[in-house]
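Peer 1: Sharing a structure below in structure tokens format, with a few things to ask.
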């Protein structure tokens with residue numbers, strides 16, 4: 001049975017409020033699937049807006065998800081520049097300015113390469 005899928009820059013993250021965040025590999029990445037570079041775990045955490053996030057508070061004021069946290073460790077053996085790659089099974093959260101944290105869904109962008 002195949003393990004979790006390696007996330008590449010053709011993948012994305014989605015928040016629970018229909019927002020979507022694109023993923024970009026930093027610089028030149030030697031590990032690719034097809035022509036898409038693998039995403040290092042550390043490049044996911046931090047400020048990055050979730051386009052089209054529709055979260056609103058009880059007063060109807062919008063508070064779109066604007067950053068990401070990762071609470072897992074990525075691949076155990078597969079790395080990019082010494083950093084574990086992001087897997088579609090990693091625990092990723094979107095965060096807004098309320099502050100509130102919500103689980104995000106990781107879409108790997110490929111279905112060929114798996115890791116653990």
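Numbering (this note's numbering), first residue to last: 1 to 116. For each residue, glycine too, the CB sits at the ideal point set by N, CA and C.
#1: Count Cβ pairs between the region 71-83 and the region 37-46 that sit closer than 8 Å; are there 3 or more?
#2: Judging by CA-CA distance, which residue of 34, 102, 8 and 89 is the nearest neighbour of residue 22?
#3: Taking 8 Å as the threshold, find out whether the region 62-72 comes into contact with the region 23-31 through three or more Cβ pairs.
#4: Which full runs of the beta strand (DSSP E) of 3+ residues lie inside the region 61-109, going along the chain?
#5: By DSSP's criteria, residue 56 is part of a beta bridge. Which residues make up the other side?
#6: Nearest by alpha-carbon distance to residue 18: which of 109, 115 and 102 is it?
#7: Excluding five sequence neighbours on each side, which residues of the same chain lie with their C-beta closer than 7 Å to the C-beta of residue 92?
#8: In this structure, how does DSSP classify residue 116 when only helix, strand and coil are distinguished?
#9: How is residue 28 classed by DSSP in three states: helix, strand or coil?
Peer 2: Per the coordinate set shown:
#1: Output reads yes: the region 37-46 touches the region 71-83.
#2: As a position in the chain shown, residue 22 is number 22, starting the count at 1. Check the Cα spacing between residue 22 and each of 34, 102, 8 and 89: the tightest is with 8.
#3: When Cβ pairs closer than 8 Å are counted between the two stretches, the region 62-72 is seen not to touch the region 23-31, the count staying below three.
#4: You should have 67-70, 92-95, 101-103 and 105-107.
#5: What you label residue 56 is simply residue 56 of the chain shown in a count that begins at 1. DSSP output for residue 56 lists 62 as bridge partner(s).
#6: Within the chain shown, the letter at position 18 stands for residue 18. Here the closest residue by C-alpha is 102.
#7: In the chain shown, residue 92 corresponds to position 92, counting from 1. Only 13, 44, 68, 70, 104 and 106 meet the Cβ criterion.
#8: The residue you call residue 116 lines up with position 116 of the chain shown. DSSP places residue 116 in the coil class of the three-state scheme, outside both helix and strand.
#9: The residue given as residue 28 occupies position 28 in the chain shown. Here residue 28 sits in coil by DSSP.
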